[in-house]
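Novice:
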């Protein structure tokens, strides 16, 4: 009753702000502001209401996303920041952030002189704003009658106070709030940012929500408050413009990439009950439903805005639907492929060793749109185990052209003894196991799946493989050892007679990487390699799984090809074995190729001096470097140039020197690990010098790799070493005769 009385009082007191055009609002909010700082790793705000507008834009690849947005809502006003750090004094003191925050208070309060500001449960912010001579005090949510502007973090909103906050703004109050979409998702696994985040439930009717993803800086230390077209950052305006453009297309009249990005952000983050934009999209989508199939050789470009929008809508739907409501998407026939209609659906019991983390292959495949059922013992439920359908986990939303649907896998938590799962695109079935799981070996029963070609090294009978297993009907196959698992189209293993010989080579490759990294050959879990028609970044990328393009389908299962050397595949495996302690700035794409070169040397029989960077090429690279002034920034920007320096050490001291140094780093206690880039360079020189028994500081000087005098002093007692090809260079002579 008390809350109801307070509510009626402030409803009577508050008066409506006069309506203001978004351009005028932007001008007021940005007045005198050129830069604002950054708090943590902010995320975007999705803008889609008729009166909502972006105020400050962040970057996201080549397009923009709103970092700060505002809106009018009935009689009140709201401002939203993409990180809760913008409500903390340290961030407010960066650049013009405080000035901007004062503008926000002024605009939210309808430019009222000395507005009363209430801060909810943030005493540090209250004290700081009081120092700025603002009329600020702490407040609770039951005493809003006298407050012009309420400052409230998104995480402090809940289902109980949403009606009160909605009424406060509707009747003339002003709300300034801040939150982080990706942060909330991280803390609430399995929940929907769009539908379950209370703050989004409040803001969605106002035409704003916090979105998933990051909002990248627009200068090195924060965000430039420069000119931008706010209308392209409002999804409703972008949709109306795209629709008009589709009916009367005129080249270069709208920024296609930006419009598509804005609409994609909205579709992926709007709540299911949105009444502003979703109904318009869903009504029009029906006209396009039979046209939404993407072919690798006919990608869907960003300038085909409406099709991209409807593809996004369909992906969003397939990711949220309950298994019982999922149907096969027509595009699944193109990628990842379809299951023959007459393929038997199987019932199989498996044993999963949960001491091994990550994905466990099952040798089974879920047909697109079909339900599979997974049964586990009660001891295994709610232990962060999950069922995954699909190996192609890369999301390709940011690409200008989509060669397949941008998201084609799904996971379902094992929270009951029986779980149903389905994926509109189908895919191989995996049991995902978290790190440090202590369940031991568990039994998992899977029903309704299709058998896939599946070879397990040392276990699968070769006769059975040749006669039946490799002809299993699923469209994707897997070849597995305890070192590595390969996922390839089934067509690429139908003629593979000897997977054992192939996997022996793969094991040798992985063992070589382990040997150089000085880790056990017995890995916690196998590496994975999955080719795709399109991946999230680059031609290949490291991680789990290692992803590569479809031109590797045959090469992954070609033993002879591997033995001649595969620089790209070995390179990505190298990334998975790098150590940040001995990889300083500029060497991320350099030290990785120590592993590449080592595999070529020990598995393929191609010694470093005869490989990609032969002795002749090394000399040429150094001479060009010396002639151009030996600029360290150039050294850092050219991986094969920098690799020459590392290979010179290998040529003189052998691989064992590297192994000893790597092992030393691996054994370091945390307090001795290098913290800065300069410390990494110093430690690398000192540790390598002491391992080989030579002073390498002149060698670093010739290459112009910066190291400190203190580090040089630690190895000054050792004899100097320079490789033969550098001994008589002018720089080397000067350095030897005038040591620093």
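Numbering (the numbering used here), first residue to last: 310 to 1049.
The C-beta atom is built at its ideal place from N, Cα and C for all residues, glycine as well.
In angstroms with no decimal places, state the Cα-to-Cα distance between residue 612 and residue 718.
Specialist: About 26 Å.
Novice: Can you name, in chain order, every residue of its own chain whose Cβ lies under 7 Å from the Cβ of residue 578, other than the five neighbours on each side?
Specialist: Within the same chain, residue 578 has close Cβ partners 355, 502, 503, 518, 520, 521.
Novice: Straight-line CA distance for residue 396 to residue 416?
Specialist: So the alpha carbons of these two residues sit roughly 17 Å apart.
Novice: If you pair each beta-carbon of the region 382-390 with each one of the region 469-481, do three or more pairs fall below 8 Å?
Specialist: The answer is yes - the region 469-481 touches the region 382-390, with three or more Cβ pairs under 8 Å.
Novice: Kindly list the residues whose CB is nearer than 6 Å to the CB of residue 855, restricted to its own chain and excluding five residues on each side of it in sequence; keep chain order.
Specialist: Contacts found: 838, 881.
Novice: How big is the Cα-Cα spacing for residue 485 and residue 526?
Specialist: Taking the straight line from one Cα to the other gives about 22 Å.
Novice: For the candidate residues 342, 391, 450, 867, whose alpha-carbon lies nearest to that of residue 403?
Specialist: Considering only alpha carbons, the answer is 342.
Novice: Three-state secondary structure (DSSP) at residue 720?
Specialist: Residue 720 falls in the strand class under three-state DSSP.
Novice: Just the C-alpha distance for residue 1123 and residue 572, rounded to the nearest angstrom, thanks.
Specialist: The displayed coordinates of the chain run from 310 to 1049. Any statement about residue 1123 would go beyond what the structure contains.
Novice: How do the region 782-802 and the region 763-773 stand: do at least 3 beta-carbon pairs fall below 8 Å, yes or no?
Specialist: The region 782-802 vs the region 763-773: in contact.
Novice: Please say whether residue 433 and residue 398 have beta carbons closer to each other than 8 Å?
Specialist: Taking 8 Å as the Cβ cut-off, residue 398 and residue 433 qualify as a contacting pair.
Novice: Are the beta-carbon atoms belonging to residue 879 and residue 818 less than 8 Å from one another?
Specialist: Yes, they are a contact pair.
Novice: Please identify the residue among 716, 576, 870 whose C-alpha is closest to the C-alpha of residue 843.
Specialist: Out of 716, 576, 870, 716 has the C-alpha closest to the C-alpha of residue 843.
Novice: Counting only runs of 3+ residues fully inside the region 922-991, write out the beta strand (DSSP E) ranges in chain order.
Specialist: Runs of the beta strand (DSSP E) inside the region 922-991: none found.
Novice: Measure the C-alpha to C-alpha separation of residue 654 and residue 757 and round it to an integer number of angstroms.
Specialist: Roughly 5 Å between the two C-alpha positions.
Novice: Could you tell me which residues DSSP puts in a beta bridge with residue 670?
Specialist: 739, per the DSSP bridge assignment.
Novice: Does residue 697 come out as helix, strand or coil in the three-state DSSP assignment?
Specialist: If DSSP states are grouped into helix, strand and coil, residue 697 belongs with the strands.
Novice: Can you check whether the CB of residue 547 is closer than 8 Å to the CB of residue 523?
Specialist: Not in contact: residue 523 and residue 547 (Cβ atoms no closer than 8 Å).
Novice: Taking only three categories from DSSP, how would you classify residue 1019?
Specialist: Helix, per DSSP.
Novice: If I measure Cβ to Cβ from residue 467 and keep anything under 6 Å in the same chain, skipping five residues before and after, which residues do I get?
Specialist: Cβ neighbours of residue 467 beyond the five flanking positions: 507.
Novice: Taking the DSSP output, what are the residues bridged to residue 385?
Specialist: Paired residue(s): 382.
Novice: Do you know offhand how far residue 926's Cα is from residue 736's?
Specialist: The straight-line gap from Cα to Cα measures roughly 45 Å.
Novice: Along the chain, which unbroken stretches of the beta strand (DSSP E) at least 3 residues long are found entirely within the region 516-593?
Specialist: 517-519, all fully within the region 516-593.
Novice: Please report how far the alpha carbon of residue 457 lies from the alpha carbon of residue 418, in whole angstroms.
Specialist: Going from the Cα of residue 457 to the Cα of residue 418 covers about 6 Å.
Novice: Sorted by chain position, which residues of the same chain lie with C-beta nearer than 6 Å to residue 662's C-beta, five sequence neighbours on each side aside?
Specialist: Closer than 6 Å at the Cβ level, and outside the excluded window around residue 662, lie 750.
Novice: Determine the closest residue to residue 744 out of 867, 400, 666, with distance taken between C-alpha atoms.
Specialist: Cα-wise, what sits closest to residue 744 is 666.
Novice: Would you identify the three-state DSSP class for residue 367, choosing helix, strand or coil?
Specialist: Note: residue 367 maps to strand in three-state DSSP.
Novice: Would you kindly work out how many angstroms separate the C-alpha atoms of residue 877 and residue 967, rounded to a whole number?
Specialist: Their backbone Cα atoms lie some 22 Å apart in a straight line.
Novice: Which residue from 542, 442, 1005, 557 puts its Cα closest to that of residue 358?
Specialist: Selected option, being the one with the closest Cα: 542.
Novice: What does DSSP give as the partner residues of residue 838 in its beta bridges?
Specialist: Answer is 795, 855.
Novice: Kindly list the residues whose CB is nearer than 6 Å to the CB of residue 349, restricted to its own chain and excluding five residues on each side of it in sequence; keep chain order.
Specialist: The residues are 392, 394.
Novice: Taking the C-alpha atoms as reference points, what is the distance between residue 686 and residue 874?
Specialist: Their Cα atoms are separated by approximately 46 Å.
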